[in-house]
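Student:
Numbering (the numbering used here), first residue to last: 1 to 131.
(1) Once the 5 residues before and after residue 9 are set aside, which same chain residues still bring their CB inside 7 Å of it?
(2) Leaving out the 5 sequence neighbours to the left and right, which residues in its chain are closer than 7 Å to residue 46 when beta-carbon positions are compared?
(3) Measuring CB atoms only, is the segment 55-64 touching the segment 35-43, in the sense that at least three cross pairs come out at less than 8 Å?
(4) Using only alpha-carbon positions, find the residue among 2, 55, 44, 1 that is nearest to residue 21.
(5) Rounding to the nearest angstrom, what Cα-Cα distance links residue 98 and residue 59 in this structure?
(6) Quick one: give me the first and last residue of the alpha helix (DSSP H) that residue 74 is part of.
(7) Excluding sequence positions up to five away, which residues of its chain have a Cβ less than 6 Å from the Cβ of residue 144?
(8) Which of helix, strand or coil does DSSP assign to residue 100?
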């Protein structure tokens with residue numbers, strides 16, 4: 001798979017994540033390994049982000065938190081851009097779902113301090129989900 005095909009696959013997964021989460025998860029999971037083999041952290045972050053969102057949509061909070069931890073580790077090593085904000089937002093939503101309101105509040109407050117390059121412009125509805 002070329003980088004262009006990889007990006008197309010991830011874009012398709014992103015479009016499907018809210019309506020066909022299983023298909024999106026499958027596409028993103030496969031794309032993640034390919035992105036890792038190409039050593040493209042932003043595409044790997046996008047794949048992990050889609051995996052996390054898909055598992056969240058299934059109600060599997062434990063797997064969602066595991067994916068978000070992987071995203072955090074990737075972000076500590078590389079600039080993952082907008083996926084930093086997306087992961088913080090999804091972390092907040094997951095913690096809110098679990099009833100850990102103080103953790104969700106702290107995460108949303110952290111979102112407010114992010115630079116523009118770390119804000120998720122791709123999924124604008126999820127960025128406002130806590131309002």
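We put the beta carbon where it would ideally sit given N, CA and C, even for glycine.
Tutor: A quick look at the data gives this:
(1) On the chain shown, position 9 is the one that residue 9 refers to. 27, 31, listed in sequence order.
(2) By one-based count along the chain shown, residue 46 stands at place 46. Closer than 7 Å at the Cβ level, and outside the excluded window around residue 46, lie 10, 83.
(3) no
(4) For the purposes of this step, residue 21 is taken as the residue at position 21 of the chain shown. Of the candidates 2, 55, 44, 1, the one whose C-alpha sits nearest the C-alpha of residue 21 is 55.
(5) Here residue 98 is taken as the residue at index 98 of the chain shown, counted from 1. Here residue 59 is taken as the residue at index 59 of the chain shown, counted from 1. Using only the alpha carbons, I get a separation of about 10 Å.
(6) Along the chain shown, one-based indexing puts residue 74 at 74. Its alpha helix (DSSP H) spans residues 61-77.
(7) Residue 144 lies beyond the stretch modelled for the chain, which goes from 1 to 131, so this question has no answer here.
(8) The residue labelled residue 100 in the question sits at position 100 within the chain shown. Three-state DSSP puts residue 100 in coil, outside helix and strand.
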